[in-house]
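So the structure is just underneath, and the comments pick up after that.
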Ligand code: GCU
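In this note's numbering, the protein residues as written are 543 to 1015.
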């Protein structure tokens, strides 16, 4: 039988073949682009790793450490070297008394604290842990980059995006531009209190749908900005990485590198946490000039490493009125001498040492945690008499790396300083049930039932803060 070939079938078959080829080529192109992208990411990661190692080795050499760095325990609970999470295995330790001065005498007056003991603690924390501010820090000039009126959950808000340009005339190779977002109720008639978070700004600015899905956000409560606006308060977000990169490789850039003209650090020079806190102080300078903001009522908040930064900010700049210190853990509010969760050896590893001054490395090598002249309670005590709220999540969701009880004990041990200054400390040394708000005093604590976030504690924090900011709303 004669089969008739329909020319249209041939045309369609050819078209299909061409389409298939085009799709295959596109897929191959995309794959090769992804491969290049992946390779670029891998090589960037390798170079950050190598530069970090170089910086870390340089610091170890400068310190002349004899012993090798001791490895820290693992944060993975199933690992053979998992960090301790068993309360019965916590060793006994003794803490430096924040009220006993270096001459062995107890400080019993406000004057004694302010003039004698506090400066000693400042000096120890600066020399051994966080580093001091360099003397030659350049000026910062703030500019509004853009402004928009928007609405968050029915609350009209005016958001300004600002950049704090750091004068780099002394070393033009390094450019530091601090990013700050400020939101105040649009109908503001008087200066408003405001909470500044160490965090992230959604990009592109002006696109409300681009809110980042971050684990710092909470599914448990209305978002923090909404809650603050409901009180008639404002919010701000300060971007830490715009002040100082978050790795050892970046220590010769950012504000640390600029102040140091691109050289490696000396052991006593400041670390990243102090640099981020310096950035917060620059934002405070800006607030002092903003007619919509009441600079005497500025809170500082952050979670995790940003919780550590929030605490360092509170401790060293007494212009901040209230602190909200989220899951700050080791290097933040939790007692370092407790062998529970993250340890000093983790902080002195090449992944985290950059948060501190170089001298701190000694405590993961030739010296031990007991040799530190300070601990987390010393840092908390520097906040006194200003109110500070210690926040943590549930061990079942957040894990135990941050050591909730260790942070609570940081507050307990700082309380005598508050009491000496006529304030109320935590008021108990009994670790509370989850969800209990210990908010009667100027040292407050609450363990919420959520994860690694301040999110579920915002409403408790705001109720506590209202006492101090007294806005009548
Ligand atoms: C690590 C680190 C913590 C830190 C946390 C974070 O877990 O060990 O000290 O707080 O990262 O900031 O995410």
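Virtual Cβ for every residue (Gly too), placed ideally from N, Cα, C.
The structure presented is a predicted model; accordingly, all values stated were derived computationally and were not measured.
Presumed contact (8 Å Cβ cut-off) between residue i and residue j, rounded CB distance
i            : j           : result
residue 854  : residue 816 : 6 Å
residue 926  : residue 956 : 7 Å
residue 1016 : residue 825 : Shown here, the chain extends from 543 to 1015; a query on residue 1016 therefore has no answer.
residue 879  : residue 635 : 4 Å
residue 715  : residue 792 : Wrong, their Cβ atoms sit about 14 Å apart, outside the cutoff.
residue 673  : residue 774 : Rounded, the Cβ-Cβ distance is 38 Å, inconsistent with contact.
residue 839  : residue 735 : 3 Å
residue 708  : residue 797 : 6 Å
residue 884  : residue 617 : 7 Å
residue 632  : residue 882 : 6 Å
residue 842  : residue 951 : The Cβ separation is near 22 Å, so there is no contact.
residue 771  : residue 697 : 4 Å
residue 787  : residue 795 : 6 Å
residue 1007 : residue 998 : Going by Cβ atoms, the distance from residue 1007 to residue 998 rounds to 16 Å, so no, they are not a contact pair.
residue 740  : residue 818 : 6 Å
residue 643  : residue 658 : 5 Å
residue 948  : residue 965 : In fact, because the Cβ distance is near 23 Å, the residues do not count as touching under 8 Å.
Segment limits, alpha helix (DSSP H) that includes residue i
i            : result
residue 859  : It is not in any alpha helix (DSSP H) - residue 859 carries neither H nor E in the DSSP assignment.
residue 799  : 796-801
residue 1008 : 1000-1011
residue 920  : 918-923
residue 663  : 660-667
residue 769  : 766-772
residue 887  : 886-889
residue 894  : Unbroken run through residue 894: none, as it is neither H nor E.
residue 915  : Careful: residue 915 lies outside any alpha helix (DSSP H) and carries neither H nor E.
residue 938  : 937-940
According to DSSP, residues forming a beta bridge with residue i
i           : result
residue 820 : In the DSSP output, where bridge partners are listed per residue, residue 820 has none listed.
residue 955 : The partner list for residue 955 (beta bridge, DSSP) is empty, contrary to what the question assumes.
residue 930 : 865, 985
residue 624 : 616
residue 811 : 674
residue 642 : 648
residue 980 : 987
Continuous beta strand (DSSP E) stretch holding residue i: start and end
i           : result
residue 837 : 835-845
residue 707 : 697-708
residue 694 : 682-694
residue 723 : 719-727
residue 740 : 734-740
residue 778 : 776-780
contact_flag[the region 889-904, the region 862-879] where n(CB pairs < 8 Å) is 3 or more: These segments touch.
Meets three-Cβ-pair contact criterion under 8 Å: the region 999-1012 and the region 931-938: Segments in contact, yes.
Given 8 Å, three or more beta-carbon pairs between the region 765-785 and the region 717-733: Using a Cβ-Cβ distance cut-off of 8 Å, the region 765-785 and the region 717-733 are in contact, since at least three pairs of beta carbons, one from each stretch, lie closer than that value.
Touching by the beta-carbon criterion (3+ pairs, under 8 Å), the region 908-915 and the region 675-686: They do not touch, by the three-pair rule.
At least 3 beta-carbon pairs within less than 8 Å: the region 966-974 vs the region 649-660: Contact between the region 966-974 and the region 649-660 is absent, with fewer than three C-beta pairs closer than 8 Å.
The region 826-840 contacting the region 621-628, beta-carbon criterion three pairs below 8 Å: Judged by Cβ distances under 8 Å, the region 826-840 makes no contact with the region 621-628, as fewer than three pairs qualify.
Stretch pair the region 685-698 + the region 656-663: three plus CB contacts closer than 8 Å: The region 685-698 is not in contact with the region 656-663.
Touch test, the region 914-921 against the region 828-841, Cβ-Cβ under 8 Å, three pairs minimum: No, they do not touch.
Contact between the region 838-858 and the region 568-578 (3+ Cβ pairs under 8 Å): The region 568-578 and the region 838-858 do not touch, with fewer than three beta-carbon pairs separated by less than 8 Å.
Touching by the beta-carbon criterion (3+ pairs, under 8 Å), the region 560-567 and the region 763-773: Fewer than three beta-carbon pairs drawn from the region 560-567 and the region 763-773 are found closer than 8 Å, and the two stretches are therefore not classed as touching.
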